[in-house]
Amino acid sequence: MAIKVNQEECIACGACLSVCPFGAIVMQDEKAYITEACTACGACVDTCPVEAILREEEDKVVAMDKSQYKDVWVYLEVSEEKLRNVGLELLGEGRKLADGMGQSLASVLIGHNVEGLAQEAFAAGSDKVYLVDAAELAQYNTDSYTATLFDLISNYKPSVILMGATNDGRDFGARVACRVGTGLTADCTGLGIDEATGFVSWTRPAFGGNIMATIICPEHRPQMGTVRPSVFKKPVLDYSKKGELIRVASKIKQEDMRTKLIDMIHVCTVSCNLEEAEIIVSGGRGMCKPENFSLVEDLANVLGASVGASRATVDAGWKPALHQVGQTGKTVGPKIYFACGISGAIQHLAGMSSSDLVIAINKDPDAPIFKMADYGIVGDVLEVLPILTEEFKKIKSA
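Letter by letter, the sequence shown follows residues 1 to 398 of UniProt numbering.
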């Protein structure tokens, strides 16, 4: 709705000037004009004595036919010729959504020479796999992957799309949503089905992690969201399962891509690959100073583990942000999580609560971390860590 002035009828009486609460009306050449400050409140409409100010109805947007959209899709991210864990995790959760909505579960596999990975998607519960295989798609590229997924959505019309909140997922997920004219709920930590509407309910931290917001997308399709890795557990793979493989020809040409991958430089070693790690040794403020993190790294090296850190240590500059575990860092779900000198702030607990086994070391017996730890050691972490490291070395050598 907009407010318009019929210049032929306006008598420049000025009655509208005094009633506009936003100062959105000006007089020029003895005529009233509406400025951009107008909020269409309508106060001036009722005041004009000659009815020269009118409400103008805007063209209504035709509602989307949501009945054309069906099935839950999961985008499977490929890294070094393997499926990243987040895709398999989302297949497990996508299976629940698809069953609850009475729809099929499908996977999207984009790359080059990746057809062999489709069986893993079927084993994780996927009913269908949409495969787009081309040499131009061998490496992730924003332009080519965005165009490819947009083309798939336009042709097959999924109802829901789940993507990992990884560097790639965050990069092109929002671009795809913009192209298809829908919304995207980013960085989710929970999924469900809204009982009142039947829509997907997306849960994500808001206001710096102080509250959890639940969001639905009632008017547009597909319903899209990115989900943090390690929030959900991978389903048990059953390689006896079969599904439908749908090969889709790629329309991408080399000239469509504005950027080119020259080389891949690995700046992060296995020690900070937290999202894929089975064992994580994390240090907190109880390590006292950055030099003491060598004790955490020593234990991690013996166990073949990744090194994590609390937000306090990252903010203090002791470790890079790549190592941060927590609601504002990385969400992890290893088989074993060592919390060394970490008190257990709620934001940190939210990032590692999916761990199968938690071992906590803290000299404060009342530290919150002990409430969720499976095993706890009350003692000075600087004294306990060297002892643990030596004992694990003996076990490995034996």
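Glycine included, every Cβ here is placed at the ideal spot set by N, Cα and C.
All figures in this text were calculated on a predicted structure; none of them were measured in a lab.
Cβ of LYS31 within 8 Å of Cβ of ALA12? Taking the first residue of the sequence shown as 1, we reach residue 31 at position 31. Taking the first residue of the sequence shown as 1, we reach residue 12 at position 12. Against a cut-off of 8 Å, the Cβ pair of ALA12 and LYS31 comes out as a contact.
Grab me the residues of SER353's own chain with a C-beta within less than 8 Å of its C-beta, minus the 5 sequence neighbours each way, in chain order. Taking the first residue of the sequence shown as 1, we reach residue 353 at position 353. Same-chain partners within the cutoff: MET372.
Of the choices MET163, VAL129, GLY111, whose alpha-carbon is the least far from that of ASN141? Within the sequence shown, the letter at position 141 stands for residue 141. Closest by alpha carbon: GLY111.
Report the partner residues of ILE211 according to the DSSP bridge assignment. To locate residue 211, count along the sequence shown from 1; it is residue 211. DSSP, once it has assigned bridges, lists ALA206 as partnering ILE211.
Quick check: THR214 and SER201, are their CB atoms within less than 8 Å of each other? Counting from one through the sequence shown, the residue named residue 214 turns up at place 214. Counting from one through the sequence shown, the residue named residue 201 turns up at place 201. Yes, the pair counts as a contact, with Cβ atoms nearer than the cut-off.
Considering only C-alpha positions, which residue in the set VAL281, SER107, VAL160, ILE161 is nearest to PHE338? Indexing the sequence shown from 1 puts residue 338 at position 338. Out of VAL281, SER107, VAL160, ILE161, VAL281 has the C-alpha closest to the C-alpha of PHE338.
What are the complete beta strand (DSSP E) segments, minimum 3 residues, inside the stretch 130 to 192? 160 to 164, 184 to 188
Would you say the stretch 176 to 187 touches the stretch 87 to 99, given that touching needs at least three Cβ pairs under 8 Å? The stretch 176 to 187, when compared against the stretch 87 to 99, does not touch it at the 8 Å Cβ threshold.
What first and last residue would you give for the alpha helix (DSSP H) that runs through ALA118? In the sequence shown, counting from the first residue as 1, residue 118 sits at position 118. Segment 118 to 123, the alpha helix (DSSP H) holding ALA118.
So, ILE369 versus SER343, is the Cβ gap smaller than 8 Å? Start at 1 with the first residue of the sequence shown, and residue 369 comes out as number 369. Start at 1 with the first residue of the sequence shown, and residue 343 comes out as number 343. Yes, they are a contact pair.
Quick one: using the 10 Å Cβ neighbour count with 16 as the cut-off for buried, is GLN324 buried or exposed? If you number the sequence shown from 1, residue 324 lands on position 324. With 16 or more other Cβ atoms within 10 Å, it is buried.
I'd like the ranges of any beta strand (DSSP E) spanning at least 3 consecutive residues and lying wholly in the UniProt domain "4Fe-4S ferredoxin-type" (35 to 58). List check, beta strand (DSSP E) in window: 53 to 56.
Given a threshold of 16 other Cβ atoms within 10 Å of its Cβ, counted over all protein chains shown, does THR39 qualify as buried or as exposed? Locating residue 39 in the sequence shown gives position 39, where the first residue counts as 1. By the neighbour-count rule (16 or more Cβ atoms within 10 Å), THR39 is not buried but exposed.
For a quick check, are the C-beta atoms of SER126 and LEU137 less than 8 Å apart? Taking the first residue of the sequence shown as position 1, residue 126 is located at position 126. Taking the first residue of the sequence shown as position 1, residue 137 is located at position 137. Taking 8 Å as the Cβ cut-off, SER126 and LEU137 do not qualify as a contacting pair.
Using only the alpha-carbon positions, how far apart do PHE172 and SER107 sit? Counting from one through the sequence shown, the residue named residue 172 turns up at place 172. Counting from one through the sequence shown, the residue named residue 107 turns up at place 107. Distance between the alpha carbons of PHE172 and SER107: 17 Å.
Please list, in chain order, all residues of the same chain as VAL114 whose beta carbon is under 7 Å from its beta carbon, the five residues on each side excluded. As a first step, residue 114 must be located in the sequence shown, where it is residue number 114. If we look at VAL114 and ignore the five residues flanking it on each side, its Cβ neighbours are VAL78, ASP133.
Confirm, please, whether the CB-CB distance from ALA43 to GLY23 is below 8 Å. Residue numbering aside, residue 23 sits at position 23 when the sequence shown is read from its first letter. Residue numbering aside, residue 43 sits at position 43 when the sequence shown is read from its first letter. Not in contact: GLY23 and ALA43 (Cβ atoms no closer than 8 Å).
By DSSP, does ALA32 sit in helix, in strand, or in coil? Walking along the sequence shown from the start, residue 32 turns up at place 32. In this structure, ALA32 counts as strand in the three-state DSSP scheme.
Out of ASP315, LYS319, GLU278, which one is the CA nearest neighbour of GLU297? As a position in the sequence shown, residue 297 is number 297, starting the count at 1. Per the Cα distances, LYS319.
Less than 8 Å between the CB atoms is what I'm expecting for ARG228 and ASP187, so what's the real figure, rounded? By 1-based counting over the sequence shown, the position of residue 228 is 228. By 1-based counting over the sequence shown, the position of residue 187 is 187. That pair is a contact at about 6 Å.
For SER159 and LYS70, I'd like the C-alpha separation in whole angstroms. Sequence index remark: in the sequence shown, residue 159 carries index 159 (1-based). Sequence index remark: in the sequence shown, residue 70 carries index 70 (1-based). SER159 and LYS70 have their C-alpha atoms some 4 Å from each other.
Indicate whether the contact test is met: 3 or more Cβ pairs, each with one atom in the stretch 358 to 366 and one in the stretch 303 to 317, closer than 8 Å. Note that the stretch 358 to 366 does not touch the stretch 303 to 317; fewer than 3 beta-carbon pairs, one per stretch, sit closer than 8 Å.
Could you tell me the alpha carbon to alpha carbon distance between GLY192 and ILE336, rounded to whole angstroms? Here residue 192 corresponds to residue number 192 of the sequence shown, with the count starting at 1. Here residue 336 corresponds to residue number 336 of the sequence shown, with the count starting at 1. Spanning the two alpha carbons is a distance of roughly 27 Å.
Quick check on this structure: which residue in LYS233, VAL19, THR146 has the alpha carbon closest to the alpha carbon of ALA95? Working through the sequence shown from its first residue, we reach residue 95 at position 95. It should be noted that the sequence gives Arg, not Ala, for residue 95. Considering only alpha carbons, the answer is LYS233.
Enumerate in chain order the residues of its own chain whose CB-to-CB distance from VAL381 is below 6 Å, with the five nearest sequence positions on each side excluded. As a position in the sequence shown, residue 381 is number 381, starting the count at 1. Closer than 6 Å at the Cβ level, and outside the excluded window around VAL381, lie GLY286, CYS340, GLY341, ILE361.
Taking all protein chains shown into account, decide if CYS41 is buried (16 or more other Cβ within 10 angstroms of its Cβ) or exposed. Translated into positions along the sequence shown, residue 41 becomes position 41. The residue in question, CYS41, is exposed, as its Cβ has fewer than 16 Cβ neighbours within 10 Å.
Can you tell me where the alpha helix (DSSP H) with ALA360 in it begins and where it stops? Here residue 360 refers to the residue found at position 360 when the sequence shown is read from its first residue. Per DSSP, ALA360 belongs to no alpha helix (DSSP H); it is in the beta strand (DSSP E), 357 to 362.
Below 8 Å between beta carbons: does that hold for residue 409 and THR197? No information on residue 409 is available, as it lies outside the stretch 1 to 398 that the chain covers here.
Going by beta carbon distance, what residues of the same chain come within less than 7 Å of ALA15, once the five residues before and after it are set aside? Here residue 15 is taken as the residue at index 15 of the sequence shown, counted from 1. Closer than 7 Å at Cβ, skipping near neighbours: THR47, CYS48, PRO49.
Look at the Cβ atom of LEU109, then the Cβ atom of ALA121, and state whether they are nearer than 8 Å. Along the sequence shown, read from residue 1 onward, the residue named residue 109 stands at position 109. Along the sequence shown, read from residue 1 onward, the residue named residue 121 stands at position 121. A contact, by the Cβ cut-off of 8 Å.
Return helix, strand or coil for LEU109, following the three-state DSSP convention. Counting from one through the sequence shown, the residue named residue 109 turns up at place 109. LEU109 falls in the strand class under three-state DSSP.
Report back the beta-carbon spacing between ASP374 and VAL384 to the nearest angstrom; my notes put them in contact at under 8 Å. Within the sequence shown, numbered from 1, the residue matching residue 374 stands at position 374. Within the sequence shown, numbered from 1, the residue matching residue 384 stands at position 384. The pair is not a contact, with the Cβ atoms about 16 Å apart (cut-off 8 Å).
Taking the Cβ atom as the reference point for each residue, do TYR130 and VAL248 lie within a distance shorter than 8 Å? In the sequence shown, residue 130 corresponds to position 130, counting from 1. In the sequence shown, residue 248 corresponds to position 248, counting from 1. Judged by their CB atoms, TYR130 and VAL248 are nearer to each other than the 8 Å cut-off.
Mind reading off the beta-carbon distance from ILE53 to VAL5? Whole number of angstroms is fine, and I expect it under 8 Å. Sequence index remark: in the sequence shown, residue 53 carries index 53 (1-based). Sequence index remark: in the sequence shown, residue 5 carries index 5 (1-based). Rounded, the Cβ-Cβ distance is 5 Å, consistent with contact.
Backbone secondary structure at THR259 - three-state DSSP: Here residue 259 refers to the residue found at position 259 when the sequence shown is read from its first residue. Of the three classes helix, strand and coil, the one that applies to THR259 here is coil, per DSSP.
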